[in-house]
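J.:
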Amino acid sequence: MTTQVIGDTRPMRERMELYVNDLQDRIVTSLESLDPTSPPFKRDSWVRSQGGSGRSCVFALPASDDEVAATSARTQETPGSLKESVLEKAGVNISVVHGLLPPAAIKQMRADHSSMPLPDSEAGLPFFAAGLSLVIHPRNPHAPTAHANYRYFEITEPLAPTPEDSDADEPPAKKEPKVLAWWFGGGCDLTPSYLYEDDAEHFHSTIKSACDSHGYQLYPTFKKWCDEYFYIPHRGETRGVGGIFFDDLNEGQHFRFPKDTQFSAEIDAGGPTTTAAKRPTALEDIFAFVRSAGDAFVPSYIPLLQRRHSMPYTPKQRRWQLIRRGRYVEFNLVYDRGTKFGLMTPGARIESILMSLPETARWEYMSEMGSEEGSEEEKLMRVLKEARTWV
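The sequence shown begins at 454 in this note's numbering and counts up by one.
1. Let me know the secondary structure DSSP gives Asn602 once reduced to three states.
2. So, is Val550 buried or exposed, given that buried needs 16 or more other C-beta atoms within 10 angstroms?
3. Alpha carbons only, please: which of Ser502, Trp499, Gly779 and Ala513 is nearest the one belonging to Arg688?
4. Which of the three DSSP states is assigned to Ala814 in this structure?
5. Can you look up Phe710 in the DSSP assignment and give me helix, strand or coil?
6. Locate the beta strand (DSSP E) running through Phe699, then write down its first and last residues.
7. State the Cα-Cα distance for the pair Phe494 and Pro711, rounded to the nearest angstrom.
8. Closer than 6 Å by C-beta to Gly693: which residues in its own chain qualify, once you throw out the five before and the five after it? Chain order, please.
9. Among the residues of its own chain, which have a CB less than 6 Å from the CB of Thr659, if the five just before and after it don't count?
10. Sort Leu757, Phe698, Gly695 and Lys628 by Cα distance to Asp651 and report the nearest one.
11. If you drop the 5 nearest sequence neighbours on each side, which residues of the same chain put their C-beta closer than 8 Å to that of Gly827?
12. Give the straight-line distance between the Cα atoms of Ser534 and Ala746, rounded to the nearest whole angstrom.
13. Note down, in chain order, each residue of its chain lying with its Cβ closer than 6 Å to the Cβ of Tyr629, except the 5 sequence neighbours on either side.
14. Three or more C-beta pairs under 8 Å: does that hold for the stretch 769 to 783 against the stretch 480 to 496?
15. Thinking C-alpha only, which one of Arg468, Thr767, Gly696 and Leu553 is nearest Asn602?
16. So, are the CB atoms of Thr609 and Ser646 less than 9 Å apart?
17. For Ser499 and Glu821, I'd like the C-alpha separation in whole angstroms.
18. Three or more C-beta pairs closer than 8 Å, one from the stretch 782 to 801 and one from the stretch 661 to 672: is that the case here?
19. May I have the straight-line CA-CA distance separating Gly640 from Gly577, to the nearest angstrom?
20. Since Ile480 contacts Leu633 with CB under 8 Å, what's their CB separation in whole angstroms?
21. Tell me the DSSP secondary structure of Ala576 in three-state form.
22. For Gly469, which option in Ile806, Ser548 and Ser763 has the closest C-alpha, if you only look at C-alpha atoms?
23. Locate the beta strand (DSSP E) running through Ala543, then write down its first and last residues.
24. Taking Val844 as part of the alpha helix (DSSP H), name the residues at either end of that continuous run.
25. For Glu817 and Glu541, which I take to be in contact (beta-carbon distance under 8 Å), what is that distance rounded to the nearest angstrom?
26. Going by other Cβ atoms of all chains shown within 10 Å of its Cβ, with 16 needed for buried, is Arg835 buried or exposed?
27. Can you tell me the Cα-Cα spacing of Pro673 and Lys793, whole angstroms?
28. Where do the ends of the beta strand (DSSP E) carrying Leu807 lie?
29. Where does Ile755 sit, in a helix, a strand or coil, going by DSSP?
30. Which of the three DSSP states, helix, strand or coil, is assigned to Ser586?
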């Protein structure tokens with residue numbers, strides 16, 4: 454459980470590794486318990502030759518079974534239809550990697566993380582990254598897709614070589630490298646094919662509660678950032694109904710959080726009149742927030758699957774679901790920073806990077822779906838064209 458990392462004095466890299474392993478187990482167990490008659494997640498451990506390792510937990514049915522299920526829409530009028538799995542494709546992955554950032558990568562990282570004090574180094578700088586990333590694509594069009602990612606990154610000074618001491622009876626104690634820069638990033642978001650407002654409200658309220666206990670700036674700031682990040686410019690719409698998104702969260706001033714004298718009335722409107730912290734700034738406090746956000750995934754999302762996975766649906770609704778998944782693919786391959794970075798990184802595990810893509814998607818030329826006034830599909834599109842406040 455999460456309590457095992459509270460009060461731990463070990464380096465943050467070790468504590469984050471412990472946490473993402475525990476969180477992965479809890480999330481996968483929750484998903485498997487929803488559908489005990491379907492195959493379990495495939496657990497696949499791997500080692501990165503350049504340094505580090507990870508574990509991918511992936512759910513996917515064999516292609517032959519999937520093709521049969523995809524063409525057999527379940528309806529109340531056909532009680533004898535083929536039983537479908539709750540999930541169509543899902544992955545809950547963790548990675549704990551380390552290595553050396555070459556000068557070119559340091560330069561690029563400085564551009565992407567302008568608030569980070571990253572020094573120049575002709576020899577490169579050691580880095581460490583630990584994180585969990587998940588995407589859940591349910592089979593039923595009424596059940597929303599979910600995504601979450603929580604990560605920790607640090608850059609350290611190179612360790613000076615330790616001279617060998619032949620007279621020493623014991624090996625020298627392990628020396629921890631000096632951390633030059635560190636930050637947390639992550640978030641979670643919901644992507645429905647059909648809009649159920651109570652689902653969106655439940656998802657957002659659960660995440661907001663997790664955020665509010667660590668600072669009332671967090672949810673409104675990260676909700677707005679999420680709406681901006683998961684936007685598909687060439688479509689003029691967001692990927693889904695949002696959630697939270699954050700990056701570069703450390704002890705320093707953050708461009709998303711104006712100074713007290715500049716704090717916007719829009720964000721501050723829902724804040725308390727007390728002296729409660731607006732956001733965490735210490736390492737321990739930020740880590741506590743990240744754990745709360747990660748722990749909130751199961752209660753924010755699993756109840757939505759329980760509500761929707763057995764609802765009857767039509768071939769038309771399945772068709773719309775596949776069109777929306779096409780939008781998901783467009784965003785991930787064209788705009789998502791993590792996907793693009795992973796595909797360009799030598800030694801990256803491509804199977805894990807592309808785990809986020811749905812197993813099936815659809816593109817139609819000039820499709821009328823979503824534009825029919827008053828339809829359920831058009832109801833979703835109105836929300837995707839203009840972000841809403843859910844809580």
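Where is the CB? At the ideal position from N, CA and C, for every residue including glycine.
Only a predicted model underlies this, so the values are computations on that prediction, with no experimental measurement involved.
T.: Taking the definition as stated:
1. For Asn602, the three-state secondary structure derived from DSSP is strand.
2. It is buried - the Cβ of Val550 has at least 16 other Cβ atoms within 10 Å.
3. Cα-wise, what sits closest to Arg688 is Gly779.
4. It is coil, neither helix nor strand.
5. Coil at Phe710, not helix or strand.
6. From DSSP, the beta strand (DSSP E) with Phe699 extends over Gly695 to Leu702.
7. Spanning the two alpha carbons is a distance of roughly 43 Å.
8. Closer than 6 Å at the Cβ level, and outside the excluded window around Gly693, lie Asp642, Leu643 and Thr644.
9. Excluding sequence neighbours, Thr659 sits near Ala749, Pro752 and Ser753.
10. The alpha carbon of Asp651 has as its nearest neighbour, out of Leu757, Phe698, Gly695 and Lys628, the alpha carbon of Leu757.
11. For Gly827, where only same-chain residues beyond five positions count, there are no Cβ hits under 8 Å.
12. Reliability of the predicted coordinates at Ser534 is poor, the pLDDT of 43 falling under 50, and no value is obtained from them.
13. The residue asked about is misnamed: residue 629 is Glu in this sequence, not Tyr. Taking C-beta separations shorter than 6 Å and ignoring five residues to either side along the sequence, the partners of Glu629 in its chain run Pro464, following chain order.
14. Contact fails: fewer than three Cβ-Cβ distances are below 8 Å.
15. Here the closest residue by C-alpha is Gly696.
16. No, Cβ-Cβ distance for Thr609 and Ser646 is not below 9 Å.
17. The residue you asked about is not Ser; residue 499 is Trp in the sequence shown. The alpha-carbon separation between Trp499 and Glu821 amounts to approximately 44 Å.
18. Flag = no, the stretch 782 to 801 and the stretch 661 to 672 do not touch.
19. If you take the alpha carbons of Gly640 and Gly577, they lie about 29 Å apart.
20. Approximately 32 Å separates the beta-carbon atoms of Ile480 and Leu633; this is outside 8 Å, ruling out the contact.
21. Coil, per DSSP.
22. It is Met, not Gly, that sits at residue 469 in the sequence shown. Minimum Cα distance to Met469 is reached at Ser548.
23. For Ala543, the enclosing beta strand (DSSP E) starts and ends at Leu540 to Leu554.
24. Looking at the DSSP string, Val844 is not in any alpha helix (DSSP H), and its letter there is neither H nor E.
25. Contact doesn't hold; Cβ gap of about 20 Å is too wide.
26. If you draw a 10 Å sphere on the C-beta of Arg835, you find fewer than 16 other C-beta atoms in it, and that means exposed.
27. Pro673 and Lys793 have their C-alpha atoms some 27 Å from each other.
28. Per DSSP, Leu807 is not a residue of any beta strand (DSSP E), being assigned neither H nor E.
29. Here Ile755 sits in helix by DSSP.
30. It is a strand residue.
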